[in-house]
């Protein structure tokens, strides 16, 4: 009887340990400048905001790296990923989408966990501005693995967005461990890109009934910022929130807490 109770306790303990909760943030930060007051830096405010949430995984869009543009409002060139990585104590990675303003412009991810990072360029069948996906392959303390990715899809052409979604889905289709993809997708739920993404991923906002518009900040009219959970994982969404009170950028930040069973 004693051995049976010990086994039962062990099973219950391992079941609890097998659960992992993640605090996730995605935020288009408009290259660290106030979009409504040109020349005003929001770098410090964004860093404080991210830090206040104690997130585990963060994706940032429209990130500048050592550009003349950041020098114009900060007085010197900024590596935004490094600044926010140091502010939060998280590991940071910048995925350059294009050369821009004597530096780079693209996506960033921050991870509280040890991670291997990867950058993937996304297709542009109609041409236009280059797009990338920043990926963190995360190893948890118990050896479990998840992948977290942040991206920013084409704002000009639906054909590009659809091709980019197909590339994202194809990139992760053979992954056996759970995947989270977040970011500014530049599509609404009525568009083809959304339907393509939904074939392989769950829209966290839709599941929770918290689908709120995310852009523009001063009068949110459309929902284009998403948290997607790949269907190969067993997810519980504990919290989903479009943070309407945070108005540093022209996008509202999206915050979620999810548990992987």
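Numbering (the UniProt record's numbering), first residue to last: 1 to 261.
The C-beta atom is built at its ideal place from N, Cα and C for all residues, glycine as well.
Source: prediction; values computed, not measured.
Do the CB positions of residue i and residue j come within less than 8 Å of each other?
i: residue 289; j: residue 197; result: The chain is shown only over 1 to 261; residue 289 falls outside these bounds and no answer can be derived.
i: residue 253; j: residue 25; result: yes
i: residue 59; j: residue 109; result: yes
i: residue 195; j: residue 148; result: no
i: residue 200; j: residue 173; result: yes
i: residue 116; j: residue 137; result: yes
Between residue i and residue j, which are expected to be in contact by the criterion C-beta below 8 Å, what is the C-beta distance as a whole number of angstroms?
i: residue 107; j: residue 152; result: 6 Å
i: residue 262; j: residue 33; result: Here the chain comprises residues numbered 1 to 261, so residue 262 is not present and cannot be evaluated.
Taking the alpha-carbon positions, what's the residue i to residue j distance?
i: residue 78; j: residue 206; result: 36 Å
i: residue 35; j: residue 249; result: 6 Å
i: residue 142; j: residue 114; result: 12 Å
i: residue 212; j: residue 55; result: 21 Å
i: residue 139; j: residue 232; result: 17 Å
i: residue 208; j: residue 225; result: 15 Å
i: residue 91; j: residue 85; result: 6 Å
i: residue 262; j: residue 170; result: The requested residue 262 does not occur in the structure, where the chain is confined to residues 1 to 261.
i: residue 186; j: residue 156; result: 9 Å
So what does DSSP say about residue i, is it helix, strand or coil?
i: residue 196; result: helix
i: residue 215; result: strand
i: residue 47; result: helix
i: residue 118; result: strand
i: residue 30; result: helix
i: residue 70; result: helix
i: residue 91; result: strand
i: residue 208; result: helix
i: residue 142; result: coil
i: residue 108; result: strand
i: residue 113; result: coil
By Cβ distance, which residues of its chain are closer than 6 Å to residue i, with the 5 residues on each side in sequence left out?
i: residue 183; result: 26, 59, 61, 150, 151, 152
i: residue 130; result: 97, 98
i: residue 95; result: 106, 107, 119, 132, 134
Looking only at its own chain, which residues have a Cβ that is under 8 Å from the Cβ of residue i, when we skip the five neighbours before and after it?
i: residue 221; result: 213, 215
i: residue 66; result: 77, 78, 79, 102, 103, 104
i: residue 45; result: 248
i: residue 87; result: 47, 48, 50, 51
i: residue 31; result: 62, 63, 64, 67, 69, 70, 80, 105
Got a sec? Which residues, its chain only, sit under 7 Å from residue i by beta carbon, not counting five neighbours each side?
i: residue 160; result: 124, 125, 126, 128, 154
i: residue 178; result: 146, 230, 232, 233, 260
i: residue 239; result: 256, 257
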